[in-house]
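J.:
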Amino acid sequence: ATADGRLVLLRRSHHVAEAPGKLDVPGGHPEPQAIAGGVPTASLRCEDLPPDLVVEEIFASVIKEIRDEVNLPPETLSPPRLLGLVRNETTAGRATAAFFVRCSLTAEETRERYEIGGAEAHESTAIVFVKAEVGGQRLPDPRPTPLPGEKPRELLGPGGPWAELCPSAKGAATLYHEVGALL
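With UniProt numbering, the residue at position 183 of the sequence shown is 183, and numbering never jumps.
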């Protein structure tokens, strides 16, 4: 979230393999080579990697991806907080970790940095901001399907961007709704 309470979404490029044109949270994946000690990628085995370094790389990769995709200096970012794991049913149930990171820059300052371009600027075509709170309350439940006895709600109310979110962003939005008050 930005210093002025906005959550950051990126419009994925039409040149990416997964969810082209959809809105997503900044992110990516850890780089096992970063902790492999020169072992070729093809020879890497999960059980050979030191667990503490694996955890460190998972969290460090969040900051690296935000740096590369949004062009934000790491010193403007808080340590990542794990919101939880979600399964992407459109990719055979692949697990995705969702994190929350605070930024000391405002939405406008973040937009300016994004427009300069980062190392992975080609992966997105636009930056979008949504309020982290509406009327002093956390975002409403983003899930469009109501629970029993409830009326349907959408991300940011009627006409919200839920349909434009890629599956991992839907999972992150749902987790943020569920545990955001703990952040």
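Ideal Cβ positions, reconstructed from N, Cα and C, are used throughout, including at glycine.
Out of curiosity, what's the CA-to-CA distance linking Ala-92 and Ala-3?
T.: As a first step, residue 92 must be located in the sequence shown, where it is residue number 92. As a first step, residue 3 must be located in the sequence shown, where it is residue number 3. Going from the Cα of Ala-92 to the Cα of Ala-3 covers about 36 Å.
J.: What does the Cβ neighbour count give for Leu-147, buried or exposed, with the cut at 16 atoms within 10 Å?
T.: Reading the sequence shown from its first residue, position 147 is the one you call residue 147. Residue placement at Leu-147 cannot be trusted, given a pLDDT of 46 that sits under 50; the coordinates are not used to answer.
J.: Given that a residue counts as buried once 16 or more other Cβ atoms are within 10 Å of its Cβ, and exposed if not, what is Cys-166?
T.: Translated into positions along the sequence shown, residue 166 becomes position 166. With 16 or more other Cβ atoms within 10 Å, it is buried.
J.: According to DSSP, what are the bridge partners of Asn-88?
T.: Sequence index remark: in the sequence shown, residue 88 carries index 88 (1-based). In the DSSP output, where bridge partners are listed per residue, Asn-88 has Arg-94.
J.: For a test of the three-state rule: what should DSSP assign to Asp-4, helix, strand or coil?
T.: Here residue 4 refers to the residue found at position 4 when the sequence shown is read from its first residue. Looking at Asp-4 - three-state DSSP - the assignment turns out to be coil, as it is neither helix nor strand.
J.: Provide the residue(s) that pair with Glu-127 in DSSP beta bridges, ordered along the chain.
T.: Working through the sequence shown from its first residue, we reach residue 127 at position 127. Just to set this straight, residue 127 is Ile in the shown sequence, not Glu. Partner(s): Leu-10.
J.: With C-beta atoms as the reference, is Arg-11 less than 7 Å away from Ser-124?
T.: Here residue 11 corresponds to residue number 11 of the sequence shown, with the count starting at 1. Here residue 124 corresponds to residue number 124 of the sequence shown, with the count starting at 1. Going by C-beta atoms, Arg-11 is nearer than 7 Å to Ser-124.
J.: DSSP state of Leu-105, grouped into three classes?
T.: As a first step, residue 105 is located in the sequence shown; it is residue number 105 there, counting from the start. In this structure, Leu-105 counts as coil in the three-state DSSP scheme.
J.: Cα separation between Glu-112 and Glu-178?
T.: For the purposes of this step, residue 112 is taken as residue 112 along the sequence shown, with counting starting at 1. For the purposes of this step, residue 178 is taken as residue 178 along the sequence shown, with counting starting at 1. In a straight line, the C-alpha of Glu-112 is about 31 Å away from that of Glu-178.
J.: Starting from the C-beta of Ala-1, find all residues in its chain whose C-beta is less than 6 Å away, skip the five residues before and the five after it, and write them out in chain order.
T.: Looking up residue 1 in the sequence shown gives position 1. Closer than 6 Å at Cβ, skipping near neighbours: Leu-7, Arg-102, Ala-132.
J.: Could you say which of Arg-45, Asn-88, Pro-50, Leu-72 lies nearest to Thr-110 if we only look at CA atoms?
T.: Looking up residue 110 in the sequence shown gives position 110. Taking only the C-alpha atoms, the option nearest Thr-110 is Leu-72.
J.: For Phe-59, write down the residues that DSSP places opposite it in a beta bridge.
T.: Within the sequence shown, numbered from 1, the residue matching residue 59 stands at position 59. Answer is none; Phe-59 lacks a bridge partner.
J.: Mapping DSSP to helix, strand and coil, what is Leu-49?
T.: One-based indexing of the sequence shown puts residue 49 at position 49. Leu-49 falls in the coil class under three-state DSSP.
J.: Put Leu-82 into one of helix, strand or coil per three-state DSSP.
T.: In the sequence shown, residue 82 corresponds to position 82, counting from 1. If DSSP states are grouped into helix, strand and coil, Leu-82 belongs with the strands.
J.: Does the beta-carbon of Val-54 have 16 or more other beta-carbons within 10 angstroms, so that it is buried, or is it exposed?
T.: By one-based count along the sequence shown, residue 54 stands at place 54. That one is exposed.
J.: From the DSSP secondary-structure annotation, give me the bridge partner or partners of residue 186.
T.: The requested residue 186 is not part of the displayed model; the chain covers only 1 to 183.
J.: Pro-26 and Ile-63: beta carbons closer than 7 Å?
T.: Taking the first residue of the sequence shown as 1, we reach residue 26 at position 26. Taking the first residue of the sequence shown as 1, we reach residue 63 at position 63. Cβ distance not < 7 Å, so Pro-26 and Ile-63 don't count as in contact.
J.: Check each candidate in Leu-175, Val-128, Thr-174 and name the one with the smallest Cα separation from Leu-23.
T.: As a working note, residue 23 is residue 23 in the sequence shown. Answer by Cα proximity: Val-128.
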